[in-house]
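**Student:** Chains as they are written, first to last, in UniProt numbering: chain B, 1 to 309; chain G, 1 to 235. Glycine included, C-beta positions come from ideal geometry on N, C-alpha and C.
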Amino acid sequence: MSKIAESVPPKGGFSFDLCKRNEMLVQKGLKQPSFLKTGTTIVGLVFKDGVILGADTRATEGPIVADKNCEKIHYMAPNIYCCGAGTAADTEAVTGIITLILSHVVLIAITSALCYCFWYACNLFYLFNVAMLSLDMVSSQLKLHRFHTGRDSRVVTALTLLKSHLFSYQGHVSAALVLGGVDVTGPHLHTIYPHGSTDTLPFATMGSGSLAAMAVFESKYREGLSRDEGVTLVAEAICSGIFNDLGSGSNVDIWEKEYLRNYMLPNPRTYVSEKGYSFSKKTAEVLLTKITPLRELVEVIEGGDAMEE
Amino acid sequence: MGDSQYSFSLTTFSPSGKLVQIEHALTAVGSGQTSLGIKAANGVVIATEKKLPSILVDETSVQKIQTLTPNIGVVYSGMGPDSRVLVRKSRKQAEQYYRLYKEPIPVTQLVRETATVMQEFTQSGGVRPFGVSLLVAGFDDKGPQLYQVDPSGSYFSWKASAMGKNVSNAKTFLEKRYTDDMELDDAVHTAILTLKEGFEGQISSKNIEIGVIGSNKIFKVLTPSEIEDYLQEVE
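(1) Distance check for B:Leu30 and B:Cys19, CA to CA, integer angstroms please.
(2) Quick check on the burial criterion: 16 or more other C-beta atoms within 10 angstroms. Buried or exposed for B:Cys115?
(3) Could you tell me how far apart the beta carbons of B:Gly39 and B:Ser248 are, in whole angstroms, since I believe they sit closer than 8 angstroms?
(4) Going by other Cβ atoms of all chains shown within 10 Å of its Cβ, with 16 needed for buried, is B:Gln27 buried or exposed?
(5) Strictly under 7 angstroms for the Cβ-Cβ distance: is G:Arg177 near chain B by that measure?
(6) Kindly indicate if chain G contains any beta-carbon less than 7 angstroms away from that of B:Leu246.
(7) Are the C-beta of B:Leu142 and some C-beta of chain G separated by less than 7 angstroms?
(8) Cβ of B:Val234 within 7 angstroms of Cβ of B:Val43?
(9) Counting only C-beta atoms, is B:Asp152 closer than 7 angstroms to chain G at any point?
(10) From which residue to which residue does the alpha helix (DSSP H) around G:Thr108 run?
(11) In the DSSP assignment, find the alpha helix (DSSP H) that holds B:Gly241 and state where it starts and stops.
(12) I'd like the list of long-range same chain contacts for G:Asn42, defined as Cβ closer than 8 angstroms, with 5 residues on each side in sequence excluded.
(13) For chain B, check one thing: does any of its Cβ atoms lie closer than 7 angstroms to the Cβ of G:Glu95?
(14) Would DSSP call G:Leu146 helix, strand or coil?
(15) With 7 angstroms as the threshold, decide whether the Cβ of G:Arg99 is near any Cβ in chain B.
(16) Please go through the same chain and pick out, in chain order, the residues whose beta-carbon is closer than 7 angstroms to the beta-carbon of G:Lys51, but skip the five residues on each side of it.
(17) Pull the bridge partners of B:Lys72 from the DSSP assignment, please.
(18) Using only the alpha-carbon positions, how far apart do B:Ile97 and G:Met118 sit?
(19) For G:Thr172 and G:Gly37, what's the separation of their Cα atoms in angstroms?
(20) Helix, strand or coil, according to DSSP, for G:Pro224 in the structure here?
(21) Keeping to the same chain, check which residues put their C-beta closer than 6 angstroms to that of G:Gln93; ignore five residues upstream and five downstream.
(22) Looking at the unbroken beta strand (DSSP E) that takes in B:Val51, where does it start and where does it end?
(23) Relative to the C-alpha of B:Ala175, which residue among B:Val155, B:Ser197 and B:Val184 is closest?
(24) Any C-beta of chain B sitting closer than 7 angstroms to the C-beta of G:Arg84?
(25) Checking contacts by CB at 7 angstroms: is residue 243 of chain G closer than that to chain B?
(26) Between the C-alpha atoms of G:Val188 and G:Leu134, what's the straight-line distance to the nearest angstrom?
(27) Under a three-way DSSP split, which group does B:Leu177 fall into?
(28) Which chain G residues are close to B:Phe167, counting only those with a beta carbon under 8 angstroms from its beta carbon?
(29) Rounding to the nearest angstrom, what Cα-Cα distance links G:Ala140 and G:Phe156 in this structure?
(30) Using only CA atoms, which one of B:Arg151, B:Asn251, B:Glu285 and B:Thr292 lies nearest to B:Arg269?
(31) With 7 angstroms as the limit, tell me which residues of the segment 54 to 75 of chain G have their beta carbon closer than that to any beta carbon of chain B; keep them in chain order.
(32) Could you give the first and the last residue of the continuous beta strand (DSSP E) run that contains G:Val87?
(33) Please classify B:Arg269: does DSSP put it in a helix, a strand, or coil?
(34) Using a Cβ-Cβ cut-off of 8 angstroms (strictly less than) and excluding sequence neighbours within five positions of G:Glu197, which residues of its own chain qualify?
(35) Skipping 5 residues on each side, what residues in its chain have a beta carbon closer than 7 angstroms to that of G:Ser31?
(36) Would you say G:Thr223 reaches chain B, if we count a Cβ-Cβ gap shorter than 7 angstroms as a contact?
Below you can see the structure in the form of structure tokens.
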């Protein structure tokens, strides 16, 4: 008789089995692929009776802006949201680059540029998966916890789940997070570093634009801000990051009890060429025209038996 | 569970081809408190008796109807602790499905997975079948649905069903009263009347539990005051 396949949780963490082989390869002269640091400005602020989170919307791959309007504020629970810097911020970037690559394949033959982009994406895709999965997983765990206890989630619960997860990956998941939310015990704001250490602060900034944003906070923050003052201050801090840091740019996203996507758009596209961007049909010389009619390969049969239960 | 000393299953075939343990499990269900479910045109209602062993028990702490996902609820007849295990497993499976497919789990899928768990316990080493039958009520893209899952792991979709002590009377009553175009409110009234049929003692908002899911696709357990309103309407 077989034993029950108990749903054992996976052991977690990375497998370091190939480290020795990698070391040997480096000694033999192999250049290891380096991981890309991405730019971001993410901030959080506690005001009189709540928390405000802010983030820019630029996702970069080296010198290229991969996504001009990505979402860096992620859902944890209805009352708890999390901003991600580092690889966590590349969610939209990776999906953006994959579609970019696919559209190029359709229009142009495979070029060396494409291979380069694909290599970038492969590296990031792996890291992205791990980083975003950890946020997804914590959000799932919080949901189950809410069902079991019948209570709303607390920010410290999300904090503990995230820091335990990141610690078990020993810093290899480079997700630097700003976690904020309001629960029965009040408003809370925390920063979480890739190795799993955390800070609890009244205002916090992370990412490459953190110094620019922190400068704004340090000079203008005071306790007992009202909601509107707080949102204005957060927007100002993000703008400081957008304009003074190359890694951050585009628009401002804000979360204060509800997600204000693209709260501010300080970088609109102003110039659009009058000539337009399409080319007339006579521009390219047609050498050969071949039309292949599409055949339907799938036959749909109506009726049939329902699946046996 | 499934220890090496118990690598043989306790549920074995009898010469007549029956699995006696499952029959006994169904008997355990049949001696549990009555519960029923009715599928209306625009929603589903499930209800159960909540008879507590003594007046000293704090009835607010007991909740027999549970939420599995925001749009799926469940009620049981039989052994309460067994149902707790199933509810926990089902919730986890629903969450895993969502994580993988980024889509709320369809009712049929969740029922199938729960039934699979129940079947596993009839064919594994060192464990016994669950002593509960579940009534799963949900509302998804296919509309309102009501399923019954038995200790054997078989499941059926019902328009209206009952389980527990008073099952035969309740089913007869439901057969007479059920119409395909029932509205949710009518269904709640019918559910209360069906419970009343076999109720020992005075029915009140404190000794029954009702869960509804309407076209808003949110499963809700009615509060005692809401149940009181429905009881007033029925009388």
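**Tutor:** The short version:
(1) Locating residue 19 of chain B in the first sequence gives position 19, counting from the first residue. Locating residue 30 of chain B in the first sequence gives position 30, counting from the first residue. The straight-line gap from Cα to Cα measures roughly 14 angstroms.
(2) For the purposes of this step, residue 115 of chain B is taken as residue 115 along the first sequence, with counting starting at 1. Low confidence applies here, because B:Cys115 scores a pLDDT of 42, under 50, leaving its location unreliable; read the following figure in that light. Result: exposed.
(3) Here the question's residue 39 of chain B lines up with position 39 in the first sequence. Here the question's residue 248 of chain B lines up with position 248 in the first sequence. Yes, they are in contact, since the Cβ atoms of B:Gly39 and B:Ser248 sit about 5 angstroms apart, within 8 angstroms.
(4) Counting from one through the first sequence, the residue named residue 27 of chain B turns up at place 27. The residue in question, B:Gln27, is exposed, as its Cβ has fewer than 16 Cβ neighbours within 10 Å.
(5) The count along the second sequence starts at 1 and reaches residue 177 of chain G at position 177. G:Arg177 does not count as touching chain B.
(6) On the first sequence, residue 246 of chain B is found 246 positions in, with the first residue counted as 1. Not one chain G Cβ lies under 7 angstroms of B:Leu246.
(7) To locate residue 142 of chain B, count along the first sequence from 1; it is residue 142. With 7 angstroms as the cut-off, B:Leu142 does not count as an interface residue toward chain G.
(8) As a working note, residue 234 of chain B is residue 234 in the first sequence. As a working note, residue 43 of chain B is residue 43 in the first sequence. Their beta carbons are under 7 angstroms apart, which means B:Val234 touches B:Val43 by this criterion.
(9) What you label residue 152 of chain B is simply residue 152 of the first sequence in a count that begins at 1. Chain G contact via Cβ: absent.
(10) The residue you call residue 108 of chain G lines up with position 108 of the second sequence. Its alpha helix (DSSP H) spans residues Val107 to Glu120.
(11) Position 241 of the first sequence, counting from 1, holds the residue named residue 241 of chain B. Where B:Gly241 is concerned, the enclosing alpha helix (DSSP H) stretches over Arg227 to Asn244.
(12) As a first step, residue 42 of chain G must be located in the second sequence, where it is residue number 42. The answer, listed in chain order, is Pro144, Glu183, Leu184, Gly214 and Ser215.
(13) On the second sequence, residue 95 of chain G is found 95 positions in, with the first residue counted as 1. For G:Glu95, the answer is yes, since a Cβ of chain B falls inside 7 angstroms of its Cβ.
(14) For this step, residue 146 of chain G is matched to residue 146 along the second sequence. Here G:Leu146 sits in strand by DSSP.
(15) On the second sequence, position 99 is the one that residue 99 of chain G refers to. Yes, G:Arg99 counts as interfacial toward chain B.
(16) As a first step, residue 51 of chain G must be located in the second sequence, where it is residue number 51. Cβ within range, chain order: Gln33 and Asn207.
(17) Here the question's residue 72 of chain B lines up with position 72 in the first sequence. None, per the DSSP bridge assignment.
(18) By 1-based counting over the first sequence, the position of residue 97 of chain B is 97. By 1-based counting over the second sequence, the position of residue 118 of chain G is 118. In this prediction, B:Ile97 scores a pLDDT of 33, lower than 50, which makes its location untrustworthy; no coordinate-derived value is stated.
(19) As a position in the second sequence, residue 172 of chain G is number 172, starting the count at 1. As a position in the second sequence, residue 37 of chain G is number 37, starting the count at 1. Their Cα atoms are separated by approximately 14 angstroms.
(20) Locating residue 224 of chain G in the second sequence gives position 224, counting from the first residue. DSSP places G:Pro224 in helix when its eight states are reduced to three.
(21) Residue numbering aside, residue 93 of chain G sits at position 93 when the second sequence is read from its first letter. So the qualifying residues of the chain are Glu113.
(22) Here the question's residue 51 of chain B lines up with position 51 in the first sequence. Residues Gly50 to Asp56.
(23) Position 175 of the first sequence, counted from the first residue, corresponds to residue 175 of chain B. Ranking the options by Cα distance to B:Ala175, first place goes to B:Ser197.
(24) Numbered from its first residue, the second sequence carries residue 84 of chain G at position 84. With 7 angstroms as the cut-off, G:Arg84 does not count as an interface residue toward chain B.
(25) The question about residue 243 of chain G has no answer here: the residues shown for chain G are numbered 1 through 235.
(26) Taking the first residue of the second sequence as position 1, residue 188 of chain G is located at position 188. Taking the first residue of the second sequence as position 1, residue 134 of chain G is located at position 134. Rounded to whole angstroms, G:Val188 and G:Leu134 show a C-alpha spacing of 19 angstroms.
(27) Counting from one through the first sequence, the residue named residue 177 of chain B turns up at place 177. Three-state result, B:Leu177: strand.
(28) To locate residue 167 of chain B, count along the first sequence from 1; it is residue 167. What B:Phe167 touches in chain G, judged by beta-carbon distance under 8 angstroms, is nothing: the nearest beta carbon there is about 21 angstroms away.
(29) The residue given as residue 140 of chain G occupies position 140 in the second sequence. The residue given as residue 156 of chain G occupies position 156 in the second sequence. It is Asp, not Ala, that sits at residue 140 of chain G in the sequence shown. Distance between G:Asp140 and G:Phe156, taken at the CA atoms: about 17 angstroms.
(30) Taking the first residue of the first sequence as position 1, residue 269 of chain B is located at position 269. Nearest of B:Arg151, B:Asn251, B:Glu285 and B:Thr292 to B:Arg269, Cα basis: B:Asn251.
(31) Going along the segment 54 to 75 of chain G in chain order, one finds Thr67 with a Cβ nearer than 7 angstroms to chain B.
(32) Within the second sequence, numbered from 1, the residue matching residue 87 of chain G stands at position 87. No beta strand (DSSP E) holds G:Val87; the alpha helix (DSSP H) holding it covers Gly80 to Tyr101.
(33) Stepping through the first sequence from its first residue, residue 269 of chain B is reached at position 269. The answer is coil: DSSP assigns B:Arg269 none of H, G, I, E or B.
(34) Against the second sequence, residue 197 of chain G aligns to sequence position 197. Within the same chain, G:Glu197 has close Cβ partners Asn166, Asn169, Ala170 and Phe173.
(35) Walking along the second sequence from the start, residue 31 of chain G turns up at place 31. Result list for G:Ser31: Lys165, in chain order.
(36) For the purposes of this step, residue 223 of chain G is taken as residue 223 along the second sequence, with counting starting at 1. So no, G:Thr223 is outside the interface.
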